[in-house]
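Working notes, beginning with the structure itself.
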Amino acid sequence: MKWICAVAIGLLAITGCSSLVADAPSPGYASLEFADARTGRGSIPGTFHSVGGLDIPTTSSAIYVKAGWRRIGYTCPDHLTMDRPPTTTAVFEAGASYRLKCVASEAVIERIDGE
1179 MKWICAVAIG
1189 LLAITGCSSL
1199 VADAPSPGYA
1209 SLEFADARTG
1219 RGSIPGTFHS
1229 VGGLDIPTTS
1239 SAIYVKAGWR
1249 RIGYTCPDHL
1259 TMDRPPTTTA
1269 VFEAGASYRL
1279 KCVASEAVIE
1289 RIDGE
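Letter by letter, the sequence shown follows residues 1179 to 1293 of our numbering.
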């Protein structure tokens, strides 16, 4: 019974920010992925924590963000954060693909063209 409650709470959390994040390609959304999604043994992958100030319940290195200006909370691969995760902002165009690159533990979001 406890796991049913946990799933229900998780679904409510996802639904609460569903206007900003989708879990699959959707009209009006852009894809955002980590350029370096390290998955090797002993490696810490990059993760997304929030979109628009709302926490997102995911450990994925790729998400779908509603088009428009958005603030993204993230943790770079192989970096630990002690306080709140850092944030960066970007303007996302519907249907486009973007990549978040960590440069000296700071983020640069760039559009991926023609891949």
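Note that CB positions come from ideal geometry on N, CA and C, so glycine has one too.
N-terminal and C-terminal residue of the beta strand (DSSP E) that residue i is part of
i	result
His1227	Thr1225 to Val1229
Ala1240	Ala1240 to Lys1244
Ser1209	Tyr1207 to Phe1212
Cβ neighbours of residue i in the same chain (closer than 8 Å, five flanking residues each side left out)
i	result
Ala1240	Ser1209, Leu1210, Glu1211, Phe1212 and Ala1215
His1227	Asp1233, Ile1234, Gly1251, Tyr1252, Thr1253 and Pro1263
Local conformation of residue i per DSSP, three classes
i	result
Thr1265	strand
Gly1287	What sits at residue 1287 in the sequence shown is Ile, not Gly. Strand at Ile1287.
Glu1271	coil
Leu1278	strand
Leu1198	coil
Thr1236	coil
Ile1222	coil
Contacts around residue i, its chain only, beta-carbon distance under 6 Å, and the 5 residues preceding and following it disregarded
i	result
Leu1198	Val1229, Gly1230 and Lys1244
Thr1265	Arg1249 and Gly1251
Cys1280	Cys1254
CB contact flag (residue i, residue j, <9 Å)
i	j	result
Pro1255	Ile1222	yes
Tyr1242	Ala1202	yes
Contacting residues, own chain, Cβ-Cβ under 7 Å from residue i (five flanking each side not counted)
i	result
Trp1247	Thr1267 and Val1269
Ala1274	Ala1208 and Arg1289
Asp1291	none
Ala1200	Tyr1207 and Tyr1242
Whole-Å CB distance - residue i paired with residue j, under 8 Å assumed
i	j	result
Ala1272	Pro1205	7 Å
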